[in-house]
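Asker: Be aware that the sequence shown starts at 1, since it is given in full-length UniProt numbering, and climbs by one per residue. Glycine residues also receive a C-beta, built at the ideal position from the N, C-alpha and C atoms.
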Amino acid sequence: METQSQTMTRPQDLSLSDINSTVEVPEGHSFWKTLLAYSGPGALVAVGYMDPGNWSTSITGGQNFQYLLLSIIVISSLLAMLLQNMAAKLGIVCQLDLAQAIRARTSRRLGFIFWILTELAIMATDIAEVIGAAIALYLLFKIPIFLAVVITVLDVFLLLLLNRIGFRKIEALVVCLIFVILFVFLYQIILSQPAWHQVAKGLIPSWASVQTSPKIGGQTPLSASLGIIGATIMPHNLFLHSAISQSRKIDRTDSSKVAEAVRFSNWDSNIQLSLAMVVNALLLIMGVAVFKSGAVQDPSFFGLYQALSNPDMVSNPVLAEAARSGVLSTLFAVALLASGQNSTITGTITGQVIMEGFIHLRLPLWLRRLVTRLIAIIPVVVCVAITSHQGSLDEHQALNNLMNNSQVFLALALPFSIVPLLMLTDSAAQMGNQFKNTRWVKVMGWLTVIILTLLNLISISSQIAGFFGDNPSSQDLLLSQVISIGIILAMIGLLIWTIIDIRRFTHPKQK
């Protein structure tokens with residue numbers, strides 16, 4: 001096949017070798033049966049778009065600005081579909097995940113820097129997931145937070161068990177948990193009886209969604225939109241999708257079979273990400289219709305749970321009765337546990353992809369996954385250990401601050417995943433003429449890269465200021481500005497280095 005002779009040198013170790021090319025794809029079947037065979041990787045990717053880190057962002061956006069920001073959820077989801085399709089295509093065509101592809105096209109020093117940045121981003125993502133799952137265990141079963149955090153490590157062994165009986169079982173579990181989350185929020189929205197004509201109006205893009213006024217609850221429409229976009233598009237999903245898209249067993253010497261795999265992978269991804277978009281939209285609608293306007297002063301998981309237990313904070317008598325019975329708060333905690341468990345499974349797999357792809361660390365499978373999981377829970381364990389003697393309120397606040405402040409690493413890492421991804425999939429030398437990005441995909445891709453990079457650079461200052469607490473002094477704000485400028489300059493320099501390195505390594509060698 002043309003692409004095989006022109007693509008990057010394949011590594012001796014395939015990406016996620018324990019699941020690579022293990023799922024059989026039947027031939028000669030109908031469109032729907034073939035789509036079903038390819039369905040699954042998209043669900044694992046969609047998990048990252050509805051993880052616990054998105055919840056408070058969407059609900060708070062709804063509380064403050066009603067349905068105005070629904071269009072931002074739609075736009076960010078469409079951008080995500082474009083990027084995820086490119087990531088899946090890279091994996092299927094080149095048989096490399098994004099980490100392997102970047103490492104093959106950059107110097108050893110830059111590859112190491114990429115590994116550090118990506119590990120920090122995954123740690124930031126995992127922090128929200130671990131905190132979400134641990135809090136859910138605490139709310140449902142009154143398990144102490146410290147012990148609940150430790151329990152989240154056990155998903156590694158669940159993952160290993162599921163691996164032994166097939167990757168499709170992991171996909172099936174993830175899909176089931178997604179539908180649990182969807183059911184919980186759909187049930188609450190149905191009870192809340194939202195103004196559907198206002199929901200439809202909110203789906204239409206408006207300049208009002210990116211204005212710097214009014215300022216409500218410390219947010220402007222622009223800052224809330226940036227929060228939604230930042231919480232939606234995460235770098236680790238691109239690495240994950242480029243790896244798990246290779247799980248289907250196809251004849252890679254036949255370009256028509258490769259093209260079919262790319263096409264059905266895109267269908268799978270777009271369908272699952274549409275489902276994630278619906279969940280995020282339901283979260284925003286929940287902020288508008290389930291709660292009374294301005295009722296949610298504490299958007300943390302603890303605050304939302306307590307609000308759903310309080311009949312005085314919900315919007316109508318039907319919801320008030322459900323809140324009084326404990327149904328709303330219990331379902332919320334169940335959905336939080338499902339979301340956290342889903343996200344920790346995919347986060348562990350992504351950690352393995354990053355570690356193997358960037359630094360070629362070869363460890364037994366169980367140890368690789370245990371190491372990546374332990375890396376994620378260390379900051380949470382330290383946070384809980386420090387605040388455990390200060391009372392539950394301080395502990396809850398510290399966990400919420402840790403989750404919010406850790407998101408700065410996502411803003412730092414995102415450009416360093418989307419820029420190489422676009423450069424690699426634009427290249428005929430790497431993808432072959434048949435599979436390189438078309439002109440419109442290239443244009444839309446670079447517009448997406450520029451928009452997301454600028455938005456992340458703009459938001460860095462406020463994210464750094466968040467490290468100084470809720471009421472930073474003028475000196476703290478000045479210091480955050482200085483730090484932000486330094487980070488932005490470093491990011492621009494690193495991006496230039498990345499672009500030069502990838503263009504220079506036209507015929508890479510396996511390092």
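1) Run through DSSP, which three-state label would V25 get?
2) Which one of I244, M423, D501, S473 has the shortest CA to CA distance from Q352?
3) With H, G and I counted as helix, E and B as strand and the rest as coil, what does DSSP make of K249?
4) In chain order, which continuous runs of the alpha helix (DSSP H) of length 4 or greater are located wholly inside the segment 41–88?
5) Run through the segment 237–317 for me and flag every whole alpha helix (DSSP H) of 4 or more residues, listed as ranges in chain order.
6) Give a yes or no on whether 8 angstroms exceeds the smallest Cβ distance from I458 to chain B.
7) Within this structure, are the beta carbons of A376 and T232 separated by less than 8 angstroms?
8) Just tell me which of K169, S17, A101, L240 has its CA closest to the CA of I122.
9) Find out if the Cβ-Cβ distance for the pair L283, I59 is shorter than 8 angstroms.
10) Which residues in the same chain as Y305 place their Cβ atom closer than 7 angstroms to its Cβ, once the five residues preceding and following it in sequence are excluded?
11) Assuming R73 and A281 are in contact, meaning their beta carbons sit under 8 angstroms apart, how far apart are those beta carbons, in whole angstroms?
12) Roughly how many angstroms separate the alpha carbons of V150 and V371, rounded to a whole number?
13) For I190, which three-state DSSP category applies?
14) My assumption, with CB atoms under 8 angstroms, is that P41 sits in contact with K33. Please give the rounded CB distance.
15) In whole angstroms, what separates the C-alpha of G294 from that of N310?
16) Tell me which residue opens and which closes the alpha helix (DSSP H) that L478 is part of.
17) Can you tell me whether T438 is buried or exposed? The criterion is at least 16 other CB atoms within 10 Å of its CB, across all chains shown.
18) Where does Q352 sit, in a helix, a strand or coil, going by DSSP?
19) In angstroms with no decimal places, state the Cα-to-Cα distance between E24 and K215.
20) Could you give the uninterrupted runs of the alpha helix (DSSP H) lying entirely in the segment 130–202, keeping only those of 4 residues or more?
21) State whether the segment 413–426 contacts the segment 86–100, with contact taken as three or more CB pairs (one from each stretch) at a distance under 8 angstroms.
22) For W207, count neighbouring C-beta atoms within 10 Å of its own C-beta (all shown protein chains included) and say buried if the count is 16 or more, exposed if not.
23) Is it buried or exposed, A128, if we count other Cβ atoms within 10 angstroms and call 16 or more buried?
24) Please classify H236 as buried or exposed, where buried requires at least 16 neighbouring CB atoms within 10 angstroms.
25) What span of residues does the alpha helix (DSSP H) with M444 cover, start to end?
26) Under the three-state reduction of DSSP, which class applies to I116: helix, strand or coil?
27) I'd like to know whether the C-beta atoms of L35 and D268 end up nearer to each other than 8 angstroms.
28) From G493, S71, F467, pick the residue whose C-alpha is nearest to that of Q481; which is it?
29) Let me check one thing: in DSSP terms, what residues is I377 bridge-paired to?
30) Identify, in the order they occur along the chain, each residue of the same chain with its Cβ nearer than 8 angstroms to the Cβ of K511, setting aside the five sequence neighbours on each side.
31) I'd like to check one pair, L82 with T425: are the Cβ atoms closer than 8 angstroms?
32) Could you give the C-beta distance for G202 and Y49, rounded to a whole number, given that I count them as a contact under 8 angstroms?
33) What is the residue span of the alpha helix (DSSP H) that L36 lies within?
34) On the DSSP bridge list, what partners appear for Q219?
35) Could you check which residue in P472, P317, I181, V441 has the C-alpha nearest to that of D51?
36) Is it right to say D126 is buried, meaning 16 or more other beta carbons lie within 10 angstroms of its own, or is it exposed?
Answerer: Reading it off the structure:
1) coil
2) I244
3) strand
4) 41–47, 52–65
5) 255–289, 301–308
6) No chain B appears in the structure shown, which is made up of a single protein chain.
7) no
8) L240
9) yes
10) L139, S329, F332, A333
11) The sequence shown places Ile at residue 73, not Arg. Contact flag correct, Cβ pair sits at about 5 angstroms.
12) 14 angstroms
13) helix
14) About 17 angstroms separates the two Cβ atoms, so there is no contact after all.
15) 14 angstroms
16) 474–504
17) exposed
18) helix
19) 54 angstroms
20) 145–151, 155–164, 167–192, 196–202
21) yes
22) exposed
23) buried
24) buried
25) 439–465
26) helix
27) yes
28) F467
29) DSSP lists no partner for I377.
30) With a pLDDT of only 45 at K511, under the threshold of 50, the placement of this residue in the model should not be trusted, and no figure is reported.
31) no
32) Wrong, their Cβ atoms sit about 19 angstroms apart, outside the cutoff.
33) 31–38
34) I216
35) I181
36) buried
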